[in-house]
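Asks: Offset between the sequence shown (1-based) and this note's numbering: plus 8.
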Amino acid sequence: VKEVAGKLFDNALTGMPVVSGDEVIGIVTEGDVVMENANVHIPSYINILSSFLYLEDPDAVEHDLKKVLALTAEDLMTEEVITVDPEDSVTDLATIFKEKHINPIPVVDKNDKLVGIVSRSDIVKLLAKE
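(1) Under the assumption that E107 contacts G34 (Cβ atoms under 8 Å), give the Cβ distance between them as a whole number of angstroms.
(2) Run through DSSP, which three-state label would T80 get?
(3) Quick one: residues in its chain with C-beta nearer than 7 Å to the C-beta of P114, no 5 flanking neighbours on either side, listed in chain order?
(4) In three-state terms, what does DSSP make of G39?
(5) Work out the CA separation of G23 and G14 for me, nearest whole Å.
(6) Going along the chain, which residues of its own chain have a beta-carbon closer than 8 Å to the beta-carbon of S129, five neighbours each way excluded?
(7) Drop a sphere of 10 angstroms on the beta-carbon of V132, count the other beta-carbons inside from all chains shown, and report buried for 16 or more, exposed for fewer.
(8) Can you tell me whether K121 is helix, strand or coil according to DSSP?
(9) Using the beta-carbon count (16 or more within 10 Å), is P94 buried or exposed?
(10) S127 and P112: beta carbons closer than 9 Å?
(11) G34 by DSSP, collapsed to three states: which one?
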């Protein structure tokens, strides 16, 4: 989870595809990371801290810590990924962003190979340049 959050932050991304080889198998967004932290990590850390404070079972503490540290991009990702083709128009993209409430969208070629990712901010940048 830390690595995913770091990649999102370091690259100023709102989300990124999860791939197996060149195939997109999911997408992880900032929202996925935040929700996972709200639902899993924070209670786990509280449980871990309370275990130390009250000297509860060390095995339970170790289990909770491993649970927090073991989450992967695959655990966080949304599996039903909407993708676009490199030839899709900006209008098509804007419609998908609006109707599906997703951001960003992976761009795949005719062989379903990941070739890029497009976000709402990319469209804003494009429009600002025109």
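For each residue, glycine too, the CB sits at the ideal point set by N, CA and C.
Replies: Quick look at the numbers:
(1) Numbered from 1 along the sequence shown, position 99 holds the residue referred to as residue 107. Numbered from 1 along the sequence shown, position 26 holds the residue referred to as residue 34. Not quite, the Cβ-Cβ distance comes to about 20 Å (not below 8 Å), so this is no contact.
(2) Residue mapping note: residue 80 aligns to position 72 of the sequence shown, counting from 1. In this structure, T80 counts as coil in the three-state DSSP scheme.
(3) Along the sequence shown, one-based indexing puts residue 114 at 106. If we look at P114 and ignore the five residues flanking it on each side, its Cβ neighbours are P25, V32, I35, V89, T91, L122, I125.
(4) Translated into positions along the sequence shown, residue 39 becomes position 31. Reduced to three states, the DSSP call for G39 is helix.
(5) If you number the sequence shown from 1, residue 14 lands on position 6. If you number the sequence shown from 1, residue 23 lands on position 15. A straight-line Cα-Cα distance of about 11 Å links G14 and G23.
(6) Stepping through the sequence shown from its first residue, residue 129 is reached at position 121. T22, listed in sequence order.
(7) Locating residue 132 in the sequence shown gives position 124, counting from the first residue. So V132 counts as exposed.
(8) For the purposes of this step, residue 121 is taken as residue 113 along the sequence shown, with counting starting at 1. Three-state DSSP puts K121 in a strand.
(9) For the purposes of this step, residue 94 is identified with residue 86 of the sequence shown, where counting begins at 1. The residue in question, P94, is exposed, as its Cβ has fewer than 16 Cβ neighbours within 10 Å.
(10) Taking the sequence shown and counting its residues from 1, one reaches residue 127 at position 119. Taking the sequence shown and counting its residues from 1, one reaches residue 112 at position 104. Going by C-beta atoms, S127 is nearer than 9 Å to P112.
(11) Residue mapping note: residue 34 aligns to position 26 of the sequence shown, counting from 1. It is a strand residue.
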